[in-house]
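Asks: The structure follows.
2 protein chains.
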Amino acid sequence: MARFAGVSQVTARRALEGSSLVAPATRERVLRALDVLGVPRPPAQDTDRSLLIGVVVPDLKNPVFPAFAEAISSRLNKRGLVPVLCTRTSDGVSEANYIEMLLAQNVGGIVFIGSSYADAGPVQGSALRDRGVPLVLINPADENADAVQISADDADAVHQALTHLTGMGHERIGLLVGPVGHVPSARKLAAFAAFFKARQVPSEDWMPLVGHALFSMEAGVLTAGRILRNGATAIVCGSDELALGAVRGARRQGLEVPGDVSVTGFDDSLLMGAVDPPLTTCRQPVERMADAAMEALVMQMQGQRAEPGVTPFQTQLIVRNSTGRPAHRPRS
Amino acid sequence: MARFAGVSQVTARRALEGSSLVAPATRERVLRALDVLGVPRPPAQDTDRSLLIGVVVPDLKNPVFPAFAEAISSRLNKRGLVPVLCTRTSDGVSEANYIEMLLAQNVGGIVFIGSSYADAGPVQGSALRDRGVPLVLINPADENADAVQISADDADAVHQALTHLTGMGHERIGLLVGPVGHVPSARKLAAFAAFFKARQVPSEDWMPLVGHALFSMEAGVLTAGRILRNGATAIVCGSDELALGAVRGARRQGLEVPGDVSVTGFDDSLLMGAVDPPLTTCRQPVERMADAAMEALVMQMQGQRAEPGVTPFQTQLIVRNSTGRPAHRPRS
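Protein chains in written order, with this note's numbering: chain S, 1 to 332; chain V, 1001 to 1332.
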């Protein structure tokens, strides 16, 4: 039968067992060979529970998360794996509950996107590790030295944005990132500090221009407002959502973007070319990061060890219209 | 034990069987009662396969789909059901493959969003119905009289947009909707025709201002370009994505929105208040539609019949800055 289907005996057996190691098209060829040979197909109930893979996102409202969720889900689908989507709800189903649910389903692995792994709490995280569930964390909020991490190169992204802004003449540049303790934000802040230290700008000058905010447009509006009142002519933001908040915060003070204030984002998520003004932002290589996440997941599912520390993925500064030369009119 | 947990015996049994009819919190209370009484918990492997629910979206790039996917997924999570996300991939995993995959997993039901059910093809659809899989279709592309449908009130949405535009003085109004054969688009076109017929505008006047396009920004740019060349001063669009395309199409002809051309969208998806110009659009009541979808799904999962024909859900015109009075300067 294997010969008839044009596959090895091992592949044929795996295909009939519903193994995740066999591509859906190959499995279909094996099943068709059974049909032709008049052998009944194995019952669907025999499929492998571990085909289910959790895809945990904080939400689908920050537009970078649907991008990662789609990239991961479509790759899982192509391998015959089954993405189980978990999103936080406003009225209280927490990440910890999802993890219980995913464990109850005996999932074959979990991909955590953004802060969702940290939000699940240390107890749940160690429950997963104790049970040996293959894990991949994309842009995690914590260090999590013991799990595979796929992260954007936050430091380089900030360096690119600052080089762009100082190249246009900005000197008083602010930084608007996520909450204190959010590791990608801490990496961005460290790169920001290093940039000015290398230029011998004293920290008293730039520290009042740094703000932490929750990842929401509203929080961005408020914190950007404070950074601007402290005299920034440009703000480097840790997400596109925060950058859109910064644009609004500037407008609330009667300032124009980019006429009076330049703003850069991070992600280059959906529609950032269509917003007003089109956003200059650091594009995360979502597709390449999803490829790496899949590779690390499948290695672990096959019982191999995936390296926890991964080289960060370089972002690309996409220059649009939210950045320009600093205004020369004086501001208070 | 049931008494100890404060639930009925039926509920306790269902909870231990992992039935989807028992809320996760209740199940947890029953399990805790077992712990207190020193009875071992049932193994996790006993959970019900039919807890898996397919959530099929054409993609997560049109921003209305993540909104529906999140609303549905979070409701499933809250009921202890497990959303399996299926998205089309650019390189070829089709809806038909997902349905095979979902059937192989013995899913307890499937929610199809947008055109995903029609795209799966009639053979797959009848396979699902033959197996009695509970189905709910949200804004389906076809009529599908035999499945539960949750649809926005397309006709009323077009009527609202046209009333808004004619109220500002527009007379030559175009309509940009999805492909021929896409039922929500056909409903919008019928309402558009009825609106002008009631005003005794001959069809020769408005027919050249109607365009069909695939649901993508690029297709919107091209088709809107033709509608504008035929003299429209406003375009009512069948999705926000098409509306963003129409704004670009107008700009390519050197026209300003809303100075020269007014544009309305449909969905009020993510960021439509942040795009340039902020889009006037008909908001779909995503949360209420998701509630209705869940109710219809759960009824079917409990073996009850859910009514296939459902009253369409009224949209709300959100007036922003992409619409204004028609320009008085002459256009060719």
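Ideal placement from N, C-alpha and C gives every residue a C-beta, glycine not left out.
Assuming the contact rule is C-beta atoms closer than 8 Å, D153 of chain S and Q314 of chain S should be a hit. Round their C-beta distance to whole Å, please.
Replies: With 8 Å as the limit, D153 of chain S and Q314 of chain S qualify as a contact, their Cβ atoms being about 5 Å apart.
Asks: Tell me the residue span of the alpha helix (DSSP H) that contains D1142 of chain V.
Replies: No alpha helix (DSSP H) contains D1142 of chain V, which DSSP labels as neither H nor E.
Asks: Kindly list the residues whose CB is nearer than 6 Å to the CB of G265 of chain S, restricted to its own chain and excluding five residues on each side of it in sequence; keep chain order.
Replies: C237, D240, A243, L279 and T281, listed in sequence order.
Asks: For the alpha helix (DSSP H) containing A1190 of chain V, list its first residue and its last residue.
Replies: Here the alpha helix (DSSP H) through A1190 of chain V covers V1183 to A1198.
Asks: In three-state terms, what does DSSP make of T280 of chain S?
Replies: DSSP places T280 of chain S in strand when its eight states are reduced to three.
Asks: Which complete beta strand (DSSP E) runs does the segment 235 to 273 of chain S hold, if anything under 3 residues is left out?
Replies: Runs found: 262 to 267.
Asks: In whole angstroms, give me the CA-to-CA distance for G114 of chain S and F195 of chain S.
Replies: Cα-Cα distance, rounded: 26 Å.
Asks: Give the straight-line distance between the Cα atoms of S332 of chain S and R252 of chain S, rounded to the nearest whole angstrom.
Replies: Residue placement at S332 of chain S cannot be trusted, given a pLDDT of 48 that sits under 50; what the coordinates show is reported in the next sentence. Cα to Cα, the separation comes out at about 16 Å.
Asks: Hey, which unbroken runs of the alpha helix (DSSP H) at 4 residues or more fall wholly within the segment 1124 to 1175 of chain V?
Replies: As far as the segment 1124 to 1175 of chain V is concerned, its whole alpha helix (DSSP H) runs of at least 4 residues are 1154 to 1167.
Asks: Which residues in chain V have a C-beta closer than 7 Å to the C-beta of C86 of chain S? List them in chain order.
Replies: Near C86 of chain S (Cβ distances below 7 Å), the residues of chain V are N1077.
Asks: If the cut-off is 9 Å on Cβ atoms, which residues from the segment 91 to 120 of chain S count as contacting chain V, listed in chain order?
Replies: Those would be D91, G92, V93, N97, Y98, E100, M101, L102, L103, A104, Q105 and N106, in chain order.
Asks: Quick one: give me the first and last residue of the alpha helix (DSSP H) that L52 of chain S is part of.
Replies: That residue, L52 of chain S, is in no alpha helix (DSSP H); its beta strand (DSSP E) goes L52 to V57.
Asks: Is it buried or exposed for Q1105 of chain V, if we count other Cβ within 10 angstroms and need 16 for buried?
Replies: By the neighbour-count rule (16 or more Cβ atoms within 10 Å), Q1105 of chain V is buried.
Asks: Would you call D1267 of chain V buried or exposed, if buried means 16 or more other Cβ atoms sit within 10 Å of its Cβ?
Replies: D1267 of chain V is buried by the Cβ-count criterion.
Asks: Straight-line CA distance for S1216 of chain V to A274 of chain S?
Replies: Cα to Cα, S1216 of chain V sits roughly 14 Å from A274 of chain S.
Asks: Report all residues from its chain with a CB closer than 6 Å to the CB of L1255 of chain V; omit the five preceding and five following residues, and keep chain order.
Replies: Cβ within range, chain order: V1261.
Asks: Cβ closer than 8 Å: which chain V residues qualify as neighbours of G132 of chain S?
Replies: Neighbours of G132 of chain S on chain V: none; closest Cβ ~15 Å, over 8 Å.
Asks: Three Cβ pairs or more, each shorter than 8 Å: is that satisfied between the segment 1077 to 1090 of chain V and the segment 1284 to 1292 of chain V?
Replies: No contact exists between the segment 1077 to 1090 of chain V and the segment 1284 to 1292 of chain V.
Asks: Under DSSP, the beta strand (DSSP E) around T87 of chain S begins and ends at which residues?
Replies: Its beta strand (DSSP E) spans residues V82 to T87.
Asks: Any beta carbon of chain V sitting closer than 8 Å to that of V64 of chain S?
Replies: Output row for V64 of chain S: interface = no.
Asks: Give the DSSP bridge partners of L317 of chain S, in chain order.
Replies: DSSP output for L317 of chain S lists S:C282 as bridge partner(s).
Asks: Given Y1098 of chain V, which residues of its chain have a CB within under 8 Å of its CB, disregarding the five upstream and five downstream residues?
Replies: Closer than 8 Å at Cβ, skipping near neighbours: G1054, V1056, C1086 and A1120.
Asks: Quick one: which chain V residues come within Cβ less than 9 Å of D276 of chain S?
Replies: Chain V residues near D276 of chain S: A1274, V1275, D1276, P1277 and P1278.
Asks: Within 10 Å of its beta-carbon, does P202 of chain S have 16 or more other beta-carbons around it, so buried, or fewer, so exposed?
Replies: Exposed is the call here.
Asks: Beta carbons nearer than 7 Å to chain V: which residues of the segment 48 to 61 of chain S have them?
Replies: Correct list: V55, D59, L60 and K61.
Asks: Which same chain residues, not among the five before or five after I1227 of chain V, have their C-beta less than 7 Å away from its C-beta?
Replies: G1174, L1176, L1209, G1211 and I1235.
Asks: Am I right that G109 of chain S and M301 of chain S are in contact with their C-beta atoms under 8 Å? What's the rounded C-beta distance?
Replies: Between M301 of chain S and G109 of chain S the Cβ distance is about 6 Å, and since that is below 8 Å, they are a contact.
Asks: Using CA coordinates, which residue listed in V:A1190, V:V1107, V:H1170 and V:V1158 is at the minimum distance from G1132 of chain V?
Replies: Ranking V:A1190, V:V1107, V:H1170 and V:V1158 by Cα distance to G1132 of chain V puts V:V1107 first.
Asks: Would you say S1239 of chain V faces chain S, with C-beta separation under 8 Å as the test?
Replies: For S1239 of chain V, the answer is no, since every Cβ of chain S falls outside 8 Å of its Cβ.
Asks: Does any residue of chain V have a CB that is nearer than 8 Å to the CB of S73 of chain S?
Replies: Answer yes: the Cβ-Cβ gap between S73 of chain S and chain V drops below 8 Å somewhere.
Asks: Could you have a look at G225 of chain S and say whether DSSP puts it in helix, strand or coil?
Replies: Helix at G225 of chain S.
Asks: Among residues of its own chain, excluding the 5 on either side of A1306 of chain V, which ones have a beta-carbon nearer than 6 Å to its beta-carbon?
Replies: V1148, A1296, M1299 and Q1300.
Asks: G1109 of chain V: beta carbon under 7 Å from a heavy atom of the ligand MG?
Replies: Absent from the structure shown: the ligand MG. Ligands present: none.
Asks: Looking at C-alpha atoms only, which residue of S:R129, S:I150, S:L128 and S:D146 is the closest neighbour of I343 of chain S?
Replies: Residue 343 of chain S is absent from the structure shown; chain S starts at 1 and stops at 332.
Asks: Identify, in the order they occur along the chain, each residue of the same chain with its Cβ nearer than 6 Å to the Cβ of P63 of chain S, setting aside the five sequence neighbours on each side.
Replies: So the qualifying residues of the chain are S269 and L270.
Asks: Starting from the C-beta of R1027 of chain V, find all residues in its chain whose C-beta is less than 6 Å away, skip the five residues before and the five after it, and write them out in chain order.
Replies: Within the same chain, R1027 of chain V has close Cβ partners A1015.
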